[in-house]
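Presented below is the structure to which this report refers.
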Amino acid sequence: MQSMAISSRALDLLLLLRGSEPEGLGRADQVSYQIETAILMGILTEGDRLPTESVLAAELGISPITLRQSLAALRTKGLIETSRGRSGGSVIRRQIELTDTQLQHKLKDTSTEALRDLGDLGAAIASMSARLAASRAGPQNVEDLENLAKRHRDTLDERARRRMDSRFHVSVSIAAQSSRLTSAALQLEAELMTLWWGLPVHSGSQNSLVKQHMAIVDAIRDRDADAAARAAEHHSRSEMEYLIEQHLGLTMRTEEGA
Amino acid sequence: METPMEALERTATILSSSINGLFTDLEKIADAVTAVANAAPEAPRRSEFLFLKQELADFIKLNSDLINGAGIAYATGSLPETPHWLEWWRGQPKGGPRFVTHDLNPDSLSYYDYTTREWFTLPASTGQPVAVGPYVDLGGINVNIITLCVPAPTPQGTHVLGCDLTLAKLERVFLRALQLREPAVILLGPNGRVITSNNARIATGTLLLEEDAQRVAASLDVSAGHPSRLPWKLISLHDKARIGS
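These protein sequence lines map, in sequence, to chains A and B. If you're matching positions, the first sequence starts at 1349 in my numbering and goes up one per residue. If you're matching positions, the second sequence starts at 2 in my numbering and goes up one per residue.
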């Protein structure tokens, strides 16, 4: 199988996911959770080659034995494949797809209040990140954001587009040059990824998301901090309103069927 | 075809009977606390109230579809052992409720001074039961809740019994009772705070916007018999479009 060594940026993002895992996990389980989340978010994709065990263990700050346990758990789940020899190592096998039923169940069980609270945090992270990005983003950052916004626009598959949306948000925090904001954004997006984003939406609302992304990128490129913050906050809020709408719909529909 | 007002009335009946049931159960426990204190020759020690642990555990278990915890806060200086004492229990998915530890050290950052919290001061000063919130109980359980509280007057001062309604559970009861996506219906707490609604834009915990307050189509007290202890209203809104036309 063709494989590519993961970029140092993918590795950095993986490291930033530390702390997103649920409480009470052992060290090995924490690391498998982080790698699984990175796959779920599309930070690591099929064919990506993980660094050698000794390098990865050192980066993650764990012993090679603990890392081997994490990798074994991922192998059992079929998420990575490990081969021996000179060109050996662990390669990401597949994209994790939670089923619609799993995602819907999670969204139905998450209350409006919990969603609103998640949205408030998201809006805080997004608007401050966009504000800082407007004064700090380099040309490469702006180009990355433009590309992600375009790829989001042009992706047809619903799940893939959702992942692209997440990566766009995280990249705004990266453009803000803040590792704490990036880490917070990543963890938030990881949580949102486990919720149901609904059936393919009609092109109208899809267009409005695309326009909102463009407005954020434009404001960052123009170094207009206030406009960037406003656009990012608006975007976060409309996404959360959409999720709450789905949650209400699912809750009501189930009650009718019961 | 049911009218929105009929849906509002049905929802109000279901909500008020659930909540008033909780008040009634809490009042029974409060009566027992008052009786123990009145029967004691001098200020009762905490050990006299040990029966509460079982009473509250049963109460929490029986009402787990609405509440996630309950407890008692003793009047300042009422216990011989300590000036302040708070005993709160939280329901667990399995087994009996767990004791919630509160930081009662005044020098600590997370000091939980319950004697200044509304859920304690209101029933203690008025002598009446009341539903407080929604509010974020920082230092308590750190989530957005509504507390139903009931006074237990004793010769040593008024203790307060309470239970915590989670907004997630209340939302389920509300939506199940309402069965309506349109028009927008909002369960409104005191001071215009949204408890829950069937509209994504009008989210739990926010204040009802002035523009929304201006398009109220119908309004109904949830508990017509006890508006002071359950100061909640159900309101429905006119469509935005209809206002403009």
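Note that beta-carbon positions come from the ideal geometry of N, C-alpha and C, so glycine has one too. Being a predicted model, the structure only gives us computed values, none of them experimental.
Leaving out five residues on either side along the sequence, give the residues of the same chain with a beta carbon under 7 Å from the beta carbon of residue i.
i, result
"residue 1458(A)", "1543, 1595"
"residue 6(B)", "219"
"residue 223(B)", "13, 16, 17, 231, 233, 234, 235"
"residue 1529(A)", "1473, 1476, 1477, 1521"
"residue 37(B)", "45, 49, 50"
"residue 1406(A)", "none"
"residue 121(B)", "74, 115, 161"
Starting from residue i, trace the alpha helix (DSSP H) both ways and give me its first and last residue.
i, result
"residue 1492(A)", "1487-1502"
"residue 120(B)", "119-127"
"residue 1418(A)", "1412-1424"
"residue 301(B)", "Here chain B covers residues 2 to 246 and nothing more, so residue 301(B) does not appear."
"residue 1518(A)", "1506-1523"
"residue 1539(A)", "1527-1540"
"residue 1386(A)", "1375-1388"
"residue 5(B)", "5-40"
"residue 1405(A)", "1401-1408"
"residue 1371(A)", "Segment: none, residue 1371(A) is in no alpha helix (DSSP H) and carries neither H nor E."
"residue 1453(A)", "1448-1457"
Here's a check: name, in chain order, each residue in its chain whose Cβ is nearer than 6 Å to the Cβ of residue i, leaving out the five neighbours to either side.
i, result
"residue 181(B)", "8"
"residue 227(B)", "none"
"residue 1591(A)", "1463"
"residue 57(B)", "71, 90"
"residue 44(B)", "81, 157"
"residue 1569(A)", "1490"
"residue 1587(A)", "none"
What does DSSP give as the partner residue(s) for residue i in the beta ladder?
i, result
"residue 1430(A)", "1438(A)"
"residue 163(B)", "72(B), 150(B)"
"residue 90(B)", "71(B), 100(B)"
"residue 1574(A)", "DSSP output for residue 1574(A) lists no bridge partner at all."
"residue 131(B)", "150(B)"
"residue 237(B)", "186(B), 219(B)"
"residue 177(B)", "Answer is none; residue 177(B) lacks a bridge partner."
"residue 1468(A)", "Residue 1468(A) is not bridged to any residue."
"residue 1352(A)", "1396(A)"
"residue 208(B)", "194(B)"
"residue 137(B)", "145(B)"
"residue 78(B)", "According to DSSP, which records beta bridges pairwise, residue 78(B) is partnered with nothing at all."
"residue 155(B)", "158(B)"
Please return the same chain residues whose Cβ sits closer than 8 Å to the Cβ of residue i, not counting the five positions on each side in sequence.
i, result
"residue 208(B)", "192, 193, 194, 195"
"residue 1426(A)", "1441, 1442"
"residue 41(B)", "49"
"residue 1421(A)", "1376, 1377, 1380"
"residue 306(B)", "Any property of residue 306(B) remains undetermined from this structure, which presents chain B solely from 2 to 246."
"residue 229(B)", "129, 131"
"residue 1484(A)", "1523, 1524, 1525"
Please report the residue range of the beta strand (DSSP E) in which residue i lies.
i, result
"residue 197(B)", "195-198"
Just to check my reading of the structure: residue i and residue j have Cβ atoms closer than 8 Å, yes? What is that Cβ distance to the nearest angstrom?
i, j, result
"residue 1469(A)", "residue 1365(A)", "With a Cβ gap of about 17 Å, residue 1469(A) and residue 1365(A) do not count as contacting."
"residue 1514(A)", "residue 1389(A)", "6 Å"
"residue 27(B)", "residue 151(B)", "4 Å"
"residue 1437(A)", "residue 1584(A)", "So it is not a contact: roughly 38 Å between Cβ atoms."
"residue 1473(A)", "residue 1418(A)", "No, residue 1473(A) and residue 1418(A) are not in contact; Cβ-Cβ is about 28 Å, not under 8 Å."
"residue 20(B)", "residue 132(B)", "7 Å"
"residue 134(B)", "residue 147(B)", "4 Å"
"residue 1581(A)", "residue 202(B)", "With 8 Å as the limit, residue 1581(A) and residue 202(B) do not qualify as a contact, their Cβ atoms being about 15 Å apart."
"residue 1387(A)", "residue 1358(A)", "Actually they are not in contact, since the Cβ atoms of residue 1387(A) and residue 1358(A) sit about 11 Å apart, beyond 8 Å."
"residue 1558(A)", "residue 1537(A)", "So it is not a contact: roughly 18 Å between Cβ atoms."
"residue 210(B)", "residue 198(B)", "Not confirmed; about 12 Å, so no contact."
"residue 172(B)", "residue 1460(A)", "6 Å"
"residue 184(B)", "residue 221(B)", "Not a contact, Cβ separation roughly 14 Å."
Mind pulling the chain D residues with CB within less than 8 Å of residue i?
i, result
"residue 1476(A)", "Included in the structure are the protein chains A and B, with no chain D among them."
Using a threshold of 6 Å, is the CB atom of residue i nearer than that to any non-hydrogen atom of the ligand SAM?
i, result
"residue 1436(A)", "In the structure on display, the ligand SAM does not appear, and there are no ligands present to speak of."
Contact the stretch 1468-1479 of chain A vs the stretch 1573-1581 of chain A: 3+ CB pairs below 8 Å: Touching, per the Cβ criterion.
Do the stretch 150-168 of chain B and the stretch 94-112 of chain B make contact, defined as three or more Cβ pairs closer than 8 Å? By the Cβ criterion, the stretch 150-168 of chain B is not in contact with the stretch 94-112 of chain B, since fewer than three pairs of Cβ atoms, one from each stretch, lie closer than 8 Å.
When the Cβ atoms of the stretch 161-178 of chain B are set against those of the stretch 198-212 of chain B, are three or more pairs found closer than 8 Å? Yes, the stretch 161-178 of chain B is in contact with the stretch 198-212 of chain B.
Counting beta carbon pairs with one atom in the stretch 1435-1446 of chain A and one in the stretch 1482-1498 of chain A, are three or more of them shorter than 8 Å? The way I'd put it, the stretch 1482-1498 of chain A doesn't touch the stretch 1435-1446 of chain A; fewer than three beta-carbon pairs between them come closer than 8 Å.
Is the stretch 1493-1506 of chain A close to the stretch 1560-1567 of chain A, with three or more CB pairs under 8 Å? Three or more Cβ pairs drawn from the stretch 1493-1506 of chain A and the stretch 1560-1567 of chain A lie within less than 8 Å of each other, which places the two stretches in contact.
Does the count of Cβ pairs from the stretch 16-36 of chain B and the stretch 61-81 of chain B closer than 8 Å reach three? Yes, they touch.
Taking one C-beta from the stretch 1506-1522 of chain A and one from the stretch 1402-1415 of chain A each time, how about it: are there three or more such pairs within less than 8 Å? Under the Cβ criterion (8 Å, minimum of three pairs), the stretch 1506-1522 of chain A does not count as touching the stretch 1402-1415 of chain A.
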